[in-house]
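Please read the structure below before turning to the comments.
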Amino acid sequence: MAEPTLEGLPTELKILILFRVPDGDTLKSLVLASPGYHSSYLAARQGVLGCLVKRQYNGFLDIAEALTAIRSEGLHFTLQRENAISLLDQWRRRDELRELNQSSSNRLPEPAGLEEIIKLLHFHKILRFFLEDHSINAPRPPWIQPVQWEAQLPLCLSQSEKCRFLRALCRLQALTNIFGDSDGEPDGRFIIWQLPNTYESEDPRNYTMTCIFERRHIGYLISKAAVIAQEISDDLGQLSKSTSCEFFWDILPRDQRPPPCEIESEWDLVRFQQHFAGLAELGPEFLYGVLHMDRLSRRNTICTSTGHFWAGPFIGLRLEFSRADR
Numbered sequence: 001m002a003e004p005t006l007e008g009l010p011t012e013l014k015i016l017i018l019f020r021v022p023d024g025d026t027l028k029s030l031v032l033a034s035p036g037y038h039s040s041y042l043a044a045r046q047g048v049l050g051c052l053v054k055r056q057y058n059g060f061l062d063i064a065e066a067l068t069a070i071r072s073e074g075l076h077f078t079l080q081r082e083n084a085i086s087l088l089d090q091w092r093r094r095d096e097l098r099e100l101n102q103s104s105s106n107r108l109p110e111p112a113g114l115e116e117i118i119k120l121l122h123f124h125k126i127l128r129f130f131l132e133d134h135s136i137n138a139p140r141p142p143w144i145q146p147v148q149w150e151a152q153l154p155l156c157l158s159q160s161e162k163c164r165f166l167r168a169l170c171r172l173q174a175l176t177n178i179f180g181d182s183d184g185e186p187d188g189r190f191i192i193w194q195l196p197n198t199y200e201s202e203d204p205r206n207y208t209m210t211c212i213f214e215r216r217h218i219g220y221l222i223s224k225a226a227v228i229a230q231e232i233s234d235d236l237g238q239l240s241k242s243t244s245c246e247f248f249w250d251i252l253p254r255d256q257r258p259p260p261c262e263i264e265s266e267w268d269l270v271r272f273q274q275h276f277a278g279l280a281e282l283g284p285e286f287l288y289g290v291l292h293m294d295r296l297s298r299r300n301t302i303c304t305s306t307g308h309f310w311a312g313p314f315i316g317l318r319l320e321f322s323r324a325d326r
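The opening position of the sequence shown corresponds to residue 1 in the UniProt record's numbering, with each subsequent residue numbered one higher.
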């Protein structure tokens, strides 16, 4: 009698195997390679993915941080103030909520359903990418000599350093979603009254969720933004040097031109280089997306995300980033 193969196992055993798969790539390979496991996966999809989420975030990051980041999408402070405050309050009281073990389906420690589970898996992929890249390409502190810094790479981060870095990414993503640029609020600010008949524009991002140690890690994202900005400036600047035409749309064929934006000529590249740090303010999810695009798509996405030269960030005032690009 022939021994049963993995494909010939009963559906119940296949589902148990799926629950034991250690990572998303292995799960994807198994499901795509086997019709039997694909059917078993569909029968227990939410449970399998929910188990995978817990396994990936356990010891990696407090899942409440990641949940706050993904739930903040679409909750801009000026448009959904009460919902944004409620989410931030749940984040602030996350330890208290765990102790109370509230039964609300919206409590932070657990994803609310399959959609949030899938978002958590995607966000984990983003966090893992930046964590690994940071250990290899962390920017050099100015007080360390280049040769000495090169000898220290890749960095061997402690568990607390890893968690601090990941928390910084999560909180930046939440701050970007809640206090970033939105339609009708070009510089991400709102008006507060201070004295009778007087007011001033106040940036709510001053009241951040990050501590000083976590803010230091944002410098890494700025270094990634600098590489992107330099690439785009070099490409477009080289075009201007090879022709007497002033505007980029007169130089390139129609299918290779930058989209309509504020970067129209070589003169605009000066402002672009001065304000490239604004790319980091668009959050890790945006940066991850553009870093994984081809060169032309990356240039067009960044150009489309530029805006008029306000007192606030030059980049990100007209953010356009399709879900399909994630």
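Heads up, the beta-carbon is just placed ideally off N, CA and C, and yes, glycines get one too.
In this text, all values refer to a predicted model and were calculated from it rather than measured experimentally.
Beta-carbon proximity of residue i to residue j, cut-off 8 Å
i: Leu219; j: Glu266; result: A quick correction: the sequence has Gly, not Leu, at residue 219. Not a contact, by the Cβ cut-off of 8 Å.
i: residue 401; j: Arg171; result: Because the chain spans 1 through 326 in this model, residue 401 falls outside it and cannot be assessed.
i: Pro284; j: Leu239; result: no
i: Ala229; j: Ala280; result: no
i: Ile117; j: Leu49; result: yes
i: Ala43; j: Ile17; result: no
i: His124; j: Tyr57; result: yes
i: Lys97; j: Val53; result: The question names Lys, yet the displayed sequence has Leu at residue 97. No. Outside cutoff.
i: Thr306; j: Phe272; result: yes
i: Thr304; j: Cys245; result: no
Where the alpha helix (DSSP H) through residue i begins and ends
i: Leu221; result: 218 to 241
i: Ala138; result: No alpha helix (DSSP H) holds Ala138; DSSP gives it neither H nor E.
i: Glu12; result: 11 to 20
i: Thr304; result: 295 to 304
i: Leu279; result: No alpha helix (DSSP H) contains Leu279, which DSSP labels as neither H nor E.
i: Glu150; result: 146 to 152
i: Gly50; result: 45 to 57
i: Glu82; result: 81 to 92
i: Leu30; result: 24 to 33
i: Thr176; result: 159 to 179
i: Pro284; result: 284 to 291
i: Arg71; result: 63 to 71
Backbone CA spacing between residue i and residue j [nearest angstrom]
i: residue 332; j: Ser223; result: Absent from the structure is residue 332, since the part of the chain shown begins at 1 and ends at 326.
i: Ala69; j: Pro142; result: 31 Å
i: Pro259; j: Thr176; result: 24 Å
i: Pro154; j: Tyr288; result: 20 Å
i: Ser72; j: Ile178; result: 6 Å
i: Pro35; j: Glu7; result: 9 Å
i: Leu88; j: Leu252; result: 47 Å
i: Pro146; j: Ile136; result: 14 Å
i: Leu157; j: Trp149; result: 15 Å
i: Arg94; j: Asn83; result: 16 Å
i: Pro196; j: Ser86; result: Confidence at Pro196 is low in this model, with a pLDDT of 35, below 50, so the placement of that residue should be treated as unreliable; the coordinate-derived value is given next. Going by the C-alpha atoms only, they are around 30 Å apart.
i: Leu114; j: Arg45; result: 8 Å
i: Tyr41; j: Ser29; result: 12 Å
i: Leu173; j: Arg92; result: The sequence given here has Gln at residue 173, not Leu. Cα to Cα, the separation comes out at about 16 Å.
i: Met293; j: Asp235; result: 16 Å
Proximal residues to residue i (C-beta, below 6 Å), its chain only, five neighbours per side dropped
i: Cys51; result: Phe19
i: Asp255; result: none
i: His38; result: Val31
i: Glu200; result: The predicted position of Glu200 is uncertain, since its pLDDT is 39 and thus under 50; a value taken from the coordinates is nonetheless stated next. Correct list: empty, nothing qualifies.
i: Val21; result: Leu27
Contacts around residue i, its chain only, beta-carbon distance under 8 Å, and the 5 residues preceding and following it disregarded
i: Leu166; result: Phe60, Leu61, Glu65, Leu127, Leu131
i: Phe247; result: Glu264, Ser265
i: Ile302; result: Ile228, Ala229, Ile232, Leu279, Val290, Ile315
Neighbour flag for residue i against chain C, beta carbons, 8 Å
i: Phe247; result: Checking the listed chains, one finds no chain C in this structure; it contains a single protein chain.
Residue i - partner residues in DSSP beta bridges
i: Phe247; result: Ser265
Sequence-distant residues of the same chain with beta carbon closer than 7 Å to residue i, five excluded per side
i: Gln80; result: none
i: Cys163; result: Leu61
i: Tyr207; result: In this prediction, Tyr207 has a pLDDT of 42, which is less than 50 and means its spatial position is unreliable; what the coordinates show is noted afterwards. Result list for Tyr207: empty, nothing under 7 Å.
i: Gly24; result: Leu52, Leu121
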